[in-house]
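All the letters of the sequence shown, read from the start, carry residue numbers 1 to 240 under the working numbering.
The C-beta atom is built at its ideal place from N, Cα and C for all residues, glycine as well.
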Amino acid sequence: MGASMVFNQFWPFIQHCHLCQTEAARPHTVLCEGCHQDLPWRLDTMQLDQTDIQVLFDYAWPVDRLLHLFKYQQRLELLPIFRHALQQHSRIDVDAIVAMPCSAARLRQRGYNQAHLLAQQLSTLWQIPIWSHLQRVKQHTAQQRLDRAERLSNLQDAFAVSASQQPPARILLLDDVLTTGASFCSAADCLRRAGAIHIEGLIIASHHPATPQFDTAQPVTQASADSTDFSSSDDGRTAN
Ligand SMILES: [Zn+2]
Numbered sequence: 001m002g003a004s005m006v007f008n009q010f011w012p013f014i015q016h017c018h019l020c021q022t023e024a025a026r027p028h029t030v031l032c033e034g035c036h037q038d039l040p041w042r043l044d045t046m047q048l049d050q051t052d053i054q055v056l057f058d059y060a061w062p063v064d065r066l067l068h069l070f071k072y073q074q075r076l077e078l079l080p081i082f083r084h085a086l087q088q089h090s091r092i093d094v095d096a097i098v099a100m101p102c103s104a105a106r107l108r109q110r111g112y113n114q115a116h117l118l119a120q121q122l123s124t125l126w127q128i129p130i131w132s133h134l135q136r137v138k139q140h141t142a143q144q145r146l147d148r149a150e151r152l153s154n155l156q157d158a159f160a161v162s163a164s165q166q167p168p169a170r171i172l173l174l175d176d177v178l179t180t181g182a183s184f185c186s187a188a189d190c191l192r193r194a195g196a197i198h199i200e201g202l203i204i205a206s207h208h209p210a211t212p213q214f215d216t217a218q219p220v221t222q223a224s225a226d227s228t229d230f231s232s233s234d235d236g237r238t239a240n
């Protein structure tokens, strides 16, 4: 048994930084001060389709890489880093947290929904229940191959609320990454149609420096449609 193991045995509260592996200088956190400071913090609010969305990070190094590993490579041991990030946000007073759902097929393929894992962390932190009756009934097909009408209809029926379920009045919709925001708007619309009154968003990392110019109520121009890259969108690399 090495000296450090003996030491850690008697001082179990000393832990190493989850990013740089040096001894964490900050008590009760998973990151050292340097790594914490170096993250691309944003902690601001953006507006999307008249919905306030809280954003923790810019989609930049190393958060982009961490999210990718967490989402696609089963690196679930990274979850405490995201919990650490969620802890930096003040509690939002809502009735329930809703994780952006993925389809049953995608869930089987991946084995977990990364947004749901994040929602579980937030639920514990803020003592707010998770409402899990929003379903993804259709994954996006690759948007680039669709014309404008197909792009819009492709999103319209992507989500559904379980029959006989009434959504809570105030909902926080949580997702890991916001790219165009199209999926977010579609899910929020679905919740509103089912009876939710107030919806806010919380996103770990956003590609947008400011409010994206995407509005589901407006026609998509050819230019903006062409720039809409669902292949690396809110829901994954391959238009899921
Ligand atoms: Zn560190």
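In this structure, ligand 1 has a non-hydrogen atom nearer than 7 Å to the beta-carbon of Leu31.
When DSSP reads this structure, Gly201 sits in a beta bridge with Ile53 and Leu173. Bounds of the beta strand (DSSP E) holding Val161 are Phe159 to Val161. From the listed residues Gln54, Ala163 and Gln74, the smallest Cα separation to Ala194 is found for Ala163. The nearest non-hydrogen atom of ligand 1 is 7 Å or more from the C-beta of Leu79.
Counting the other CB atoms within 10 Å of its CB gives Gln47 a total below 16, which places it among the exposed residues.
Straight across, the Cα-Cα distance linking Ala188 with Trp41 is about 25 Å.
At least one heavy atom of ligand 1 lies closer than 7 Å to the C-beta of Leu19. The beta-bridge partner set that DSSP reports for Met46 consists of Ile53.
Cβ atoms of Phe57 and Leu79 stay farther apart than 8 Å, at about 15 Å. Here Leu69 carries a helix assignment [DSSP, helix/strand/coil]. Boundaries for Ile97: no alpha helix (DSSP H) harbours it, while the beta strand (DSSP E) harbouring it runs Ala96 to Ala99, taken from the DSSP string. Taken through DSSP and simplified to helix, strand or coil, Gln135 comes out as strand.
Residue side-chain check: Thr22 places its Cβ nearer than 7 Å to a non-hydrogen atom of ligand 1. For Glu33, the enclosing alpha helix (DSSP H) begins and ends at Glu33 to Asp38.
Gln121 is positioned such that its CB atom lies closer than 8 Å to that of Phe82. Between Arg91 and the set Ser123, Leu191 and His36, the nearest pair of CA atoms involves Ser123. The C-beta separation of His89 from Gln54 comes to about 6 Å, placing the pair in contact by the 8 Å criterion. Note on geometry: alpha-carbon atoms of Ala96 and Ala60 lie some 29 Å from one another. In this structure, Cys102 has its beta carbon at no less than 7 Å from each heavy atom of ligand 1. Taking 8 Å as the upper bound for CB-CB distance, Leu174 and Ala119 are in contact here, some 5 Å apart. Not one heavy atom of ligand 1 is found less than 7 Å from the C-beta of Gly201.
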